[in-house]
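For the sequence shown, this note's numbering puts the final residue at 358, and the numbers step up evenly by one.
We put the beta carbon where it would ideally sit given N, CA and C, even for glycine.
A quick note: this is a predicted structure, and the numbers were derived from the prediction, not measured.
Okay, so here's the structure we're looking at.
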Amino acid sequence: MHIITHGDCDGICAGALVLSVYTDSKVIFCNPVRLYETLKKIDKNETIIVCDIVRLYETLNKIDKNETIIVCDIAVNEVIFQSVGNFFKDFKSVVYIDHHPLSHDVSSNLSSNVEVVHMLGASASELAFYRFKESINPDMGRVAVYGSIGDYLDNTIGVQKIIENWDKRTLYFQTGILIQALEVIGKNDGMKLDILNNLSKNILPSEIDSLTQLAVEASRNEERMREYVKRNAVKFGGIGYVLDPKGPLGKAAIYARAYTGAHVGLAAEIKHGKVEMSLRTPFNIDLNSILVKVAPKFDGVGGGHAKAAGAEVPYEKFQEFLEVLSNLISVTLPK
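Written as structure tokens, this is what we have:
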């Protein structure tokens with residue numbers, strides 16, 4: 024069995040929950056763009072579990088089609104579905120666990136061997152915990168809480184029910200260590216896999232080698248970044264944005280909004296001629312819907328959640344993209 028999951032806090036925790044049940048499974052970190060290539064390398068007779076995916080095609084391409092796969096926390100929109108949708112049907116079975124917006128066109132065209140576990144407003148970790156609840160050690164519930172806090176989705180009824188059995192202050196302390204350490208670890212999949220394996224055994228983040236020290240380092244880096252954003256964030260219409268904040272873009276976007284008084288915060292970094300950005304808002308604005316429609320008009324991609332999303336556009340089109348985005352946000356806001 025293969026567990027395919029996203030490499031953020033929620034994806035790691037969702038993968039750990041599944042691995043605690045299927046202990047002999049192989050774990051692969053992935054995102055939607057690489058998923059197809061990964062699936063092609065997996066035996067089609069296997070079961071796959073896909074959790075929190077944001078590299079899907081490449082991943083699927085590597086898996087034996089006799090396997091079952093479990094996919095967690097990986098957003099599949101219409102564009103990605105064109106490459107991976109038909110590929111799912113070649114596998115023995117697929118469990119698709121996700122909380123990103125799922126269009127009717129995608130859900131209605133999935134093959135019969137695909138079990139969809141989907142809910143907006145709940146983390147992939149919560150969904151994985153309750154999907155396999157009969158087989159999971161109840162004490163693993165705290166791992167579901169870590170993942171939910173990581174995606175700001177800890178206020179659901181399901182998560183609050185788990186928290187009732189723990190001291191929430193301890194849960195938030197442990198989650199803080201995990202989240203901050205992951206900021207320093209970045210794209211080091213080897214370290215992430217070690218963390219996932221430890222979490223699947225219900226080992227506390229504070230007891231996993233070097234995580235506490237990394238978390239302290241990340242907090243110092245974040246404080247420097249916050250000061251940078253405070254000095255350099257610019258308000259453009261309804262958007263407060265900052266470029267190259269030298270830190271996690273999601274957090275920088277929060278600070279950019281806060282320090283400019285804008286409705287939406289945007290933090291971006293320029294890489295290889297493209298602008299990669301994260302957006303955040305506490306307001307009733309559906310960033311996912313806006314970015315899914317707008318980014319492709321500028322030869323880019325975008326999407327995510329209503330209040331937390333991301334996009335990528337060519338550098339030369341960023342300013343025009345920003346203008347259109349600001350106008351749409353202004354129209355969206357209630358009068």
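Residue from the options with nearest C-alpha to residue i
i, options, result
"isoleucine 27", "Ile97, Ile226, Lys63, Lys88", "Ile97"
"glycine 284", "Pro305, Ile172, Thr355", "Pro305"
"lysine 274", "Asn244, Val298, Ile293", "Asn244"
"asparagine 307", "Ala291, Ser353, His295", "Ser353"
"proline 337", "Ile159, Gly209, Glu299, Leu289", "Glu299"
"methionine 214", "Phe52, Met24, Asp33, Ser48", "Phe52"
"lysine 224", "Ile71, Ser116, Ile35", "Ile35"
"valine 140", "Asp121, Cys32, Pro161", "Asp121"
"valine 137", "Leu351, Gly108, Pro228", "Gly108"
"leucine 125", "Gly327, Leu348, Glu346, Glu335", "Gly327"
"glutamate 149", "Glu292, Ile71, Asp128, Asn178", "Asn178"
"histidine 25", "Cys32, Asp33, Asn84", "Asn84"
"serine 312", "Met163, Leu345, Leu351, Leu216", "Leu351"
"glutamate 246", "Lys210, Lys258, Pro268, Asn160", "Pro268"
"aspartate 128", "Lys210, Asn160, Val99", "Val99"
"glutamate 292", "Ile159, Gly270, Tyr195", "Gly270"
"proline 161", "Ile186, Gly209, His286", "Ile186"
"phenylalanine 110", "Thr61, Gly209, Ser131", "Thr61"
"lysine 258", "Gly38, Leu219, His286, Thr82", "His286"
"methionine 142", "His123, Glu157, Asn132, Ser135", "His123"
"tyrosine 195", "Gly263, Thr70, Ser229", "Ser229"
Reduced DSSP secondary structure (H/G/I, E/B, other) of residue i
i, result
"isoleucine 35", "helix"
"valine 99", "coil"
"leucine 187", "Note that residue 187 is glutamate in the sequence shown, not leucine. Glutamate 187 falls in the coil class under three-state DSSP."
"methionine 300", "strand"
"serine 116", "strand"
"phenylalanine 344", "helix"
"phenylalanine 259", "strand"
"asparagine 68", "strand"
"proline 337", "strand"
"alanine 145", "coil"
"glutamate 90", "strand"
"leucine 201", "helix"
"histidine 122", "coil"
"valine 77", "Here the model assigns valine 77 a pLDDT of 49, short of 50, so the residue's position is not dependable and the matter cannot be decided."
"isoleucine 26", "strand"
"phenylalanine 52", "strand"
"leucine 234", "helix"
"glycine 173", "helix"
"glutamate 157", "coil"
"alanine 329", "coil"
"lysine 63", "strand"
"leucine 362", "Coverage of the chain is limited to positions 24 through 358, which leaves residue 362 absent and any answer about it impossible."
"leucine 227", "coil"
"leucine 23", "With the chain covering only 24 through 358, there is no way to say anything about residue 23."
"leucine 351", "helix"
Test item: CB-CB of residue i and residue j under 8 Å
i, j, result
"aspartate 212", "glycine 333", "no"
"cysteine 95", "alanine 145", "no"
"lysine 64", "isoleucine 86", "yes"
"leucine 176", "isoleucine 200", "no"
"leucine 272", "serine 301", "yes"
"leucine 356", "glycine 261", "yes"
"alanine 279", "alanine 290", "yes"
"arginine 303", "alanine 329", "no"
"lysine 112", "asparagine 89", "no"
"isoleucine 425", "threonine 198", "Past the edges of the chain, shown from 24 to 358, lies residue 425, and the structure says nothing about it."
"aspartate 309", "aspartate 174", "no"
"leucine 415", "valine 50", "As shown, the chain starts at 24 and ends at 358. That puts residue 415 outside it, with no answer to give."
"valine 166", "leucine 40", "yes"
"glutamate 335", "valine 347", "no"
"alanine 37", "glycine 170", "yes"
Touch check for the region 150 to 157 and the region 323 to 341: three-plus C-beta pairs under 8 Å?
no
Using 8 Å as the Cβ pair cut-off and three pairs as the minimum, do the region 313 to 321 and the region 243 to 254 touch?
no
Count Cβ pairs between the region 198 to 213 and the region 235 to 247 that sit closer than 8 Å; are there 3 or more?
yes
Alpha helix (DSSP H) runs contained entirely in the region 262 to 295, provided each spans 4 or more residues:
272 to 283
Can at least three beta-carbon pairs, one atom from the region 44 to 55 and one from the region 180 to 190, be found at a separation below 8 Å?
no
Would you call the region 110 to 117 and the region 189 to 199 touching, i.e. three or more CB-CB distances under 8 Å?
no
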